[in-house]
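Numbering (my numbering), first residue to last: 188 to 331.
Since the structure comes first, as C-alpha cells, the remarks are kept for the end.
Here it is, written out as C-alpha cells:
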C-alpha cells in the first residue's frame with residue numbers, strides 16, 4: 188500500500204509491506220559544496236575508483252568449461268564448483284543455472300560476445316540452448 192509522509196518540508200512516497208513496515212520508494216537529494224577538483228585530485232580519485240572496481244569485480248578464473256549448443260538444450264558435464272561464474276557465448280542463447288538445469292527459450296537471454304557474471308553454488312550446472320538457428324559455444328568460467 189502506498190502512502191506519503193513529510194520530512195524537511197518535502198513529501199516522500201512510501202510502500203507498506205504485509206508486516207506494516209513503511210519503506211521509502213525513492214527520493215535522494217544531495218548537496219556537495221566546497222569541493223575543489225584539480226587535475227591532480229581528479230587523477231588520484233580516478234585511480235582510487237579503478238582500484239576499487241578492479242578489486243570488487245575481479246575474479247580469479249578457473250578452468251573454462253566450453254559447451255557447444257544448438258536447438259536442443261545441452262548442460263555442462265561437470266558442476267561449476269564455484270560461487271560465481273562468468274558466461275560468454277559466440278551466438279545469442281538462453282541459459283539456466285541449477286543443479287538439474289533444462290534451458291528453454293523462456294530462460295535468461297545472453298547476447299553474443301557479452302560477458303556476464305552470476306552467483307551460483309558449487310553443485311550447479313549450466314544448461315544452454317540457441318536463441319535462433321545456427322548454434323554456438325558457451326564458455327563457462329568459474330571464479331576460484
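From the three backbone atoms N, C-alpha and C, an ideal C-beta is built for every residue, glycine too.
Predicted model only: the values in this text are computed from it and were never measured.
Can you tell me which residues form a DSSP beta bridge with residue i?
i, result
"residue 293", "None; residue 293 has no bridge partner."
"residue 275", "326"
"residue 331", "According to DSSP, which records beta bridges pairwise, residue 331 is partnered with nothing at all."
"residue 316", "281"
"residue 269", "None; residue 269 has no bridge partner."
DSSP state of residue i, grouped into three classes?
i, result
"residue 299", "coil"
"residue 285", "strand"
"residue 212", "In this prediction, residue 212 scores a pLDDT of 46, lower than 50, which makes its location untrustworthy; no coordinate-derived value is stated."
"residue 259", "coil"
"residue 264", "coil"
"residue 252", "strand"
What does the alpha-carbon distance come out to for the pair residue i and residue j?
i, j, result
"residue 246", "residue 254", "21 Å"
"residue 292", "residue 249", "28 Å"
"residue 283", "residue 256", "13 Å"
"residue 287", "residue 310", "9 Å"
"residue 271", "residue 285", "13 Å"
"residue 213", "residue 259", "Unreliable positioning characterises residue 213 in this predicted model, as indicated by a pLDDT of 44, which lies under 50. A coordinate reading is not provided."
Excluding the 5 residues flanking residue i on each side, which residues of the same chain have their C-beta closer than 7 Å to its C-beta?
i, result
"residue 280", "256, 297, 315, 316, 317, 318, 323 and 325"
Using a Cβ-Cβ cut-off of 6 Å (strictly less than) and excluding sequence neighbours within five positions of residue i, which residues of its own chain qualify?
i, result
"residue 251", "326 and 328"
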